[in-house]
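Each residue of the sequence shown is one higher than the last, beginning at 244 in the working numbering.
Worksheet: one structure, shown below.
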Amino acid sequence: MEFKLEDWLPMMPMDGPPLPRFLGIYWPWVSKEVELKAGWNTVTYTGGEQTAEEAFASIMDYLIISYHWDADAQEWEQVTADTIMIPGDVYNVKVSQDCVWTF
244 MEFKLEDWLP
254 MMPMDGPPLP
264 RFLGIYWPWV
274 SKEVELKAGW
284 NTVTYTGGEQ
294 TAEEAFASIM
304 DYLIISYHWD
314 ADAQEWEQVT
324 ADTIMIPGDV
334 YNVKVSQDCV
344 WTF
């Protein structure tokens, strides 16, 4: 496994203890599921680092489209199946009906 500098940065205090992200240790109140309403939802992703295909598996039947905020480019980019979902990043998720996204 190859580690990047970002892997060693501490998590934000609201996400977990000041430990490296790759340990995956979160505070108990950091939820691994989000209630989504039909239409657009802005979500801070708190699941593990994984592909969008894996992360969206629980809502694939309802998922219409999703965008990720690229802070470097200062724009929204469309999420594809191979996009790596990063904990703490912000996503806009559009679903066809109310559902619970479990990651």
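All residues carry an ideal CB built from backbone N, CA and C; glycine is no exception.
In this text the structure is predicted, and so the values were computed from the model without any measurement.
Hey, quick one: how far does the beta strand (DSSP E) through residue i stretch, first residue to last?
{"i": "Glu278", "result": "276-279"}
In terms of residue numbering, what span does the alpha helix (DSSP H) encompassing residue i cover?
{"i": "Glu292", "result": "Premise fails: Glu292 is in no alpha helix (DSSP H) and is neither H nor E."}
Pull the bridge partners of residue i from the DSSP assignment, please.
{"i": "Glu320", "result": "His311"}
{"i": "Thr287", "result": "Val333"}
{"i": "Thr345", "result": "Glu276"}
Give the secondary structure of residue i by DSSP, where H, G and I count as helix, E and B as strand, and everything else as coil.
{"i": "Leu306", "result": "strand"}
Decide if residue i is buried, meaning its Cβ has at least 16 other Cβ atoms within 10 Å, or exposed.
{"i": "Ile327", "result": "exposed"}
{"i": "Ser339", "result": "exposed"}
{"i": "Leu262", "result": "exposed"}
{"i": "Leu279", "result": "buried"}
{"i": "Val336", "result": "buried"}
{"i": "Val277", "result": "buried"}
Smallest Cα separation from residue i: which of the options?
{"i": "Cys289", "options": "Glu296, Tyr305, Lys275", "result": "One detail in the question is off: residue 289 reads as Thr in this sequence, not Cys. Comparing Cα positions, the closest option is Lys275."}
{"i": "Tyr334", "options": "Trp283, Gln293, Asp341", "result": "Trp283"}
{"i": "Thr323", "options": "Asp341, Ile307, Val343", "result": "Ile307"}
{"i": "Trp344", "options": "Ala295, Glu245, Lys247, Leu266", "result": "Ala295"}
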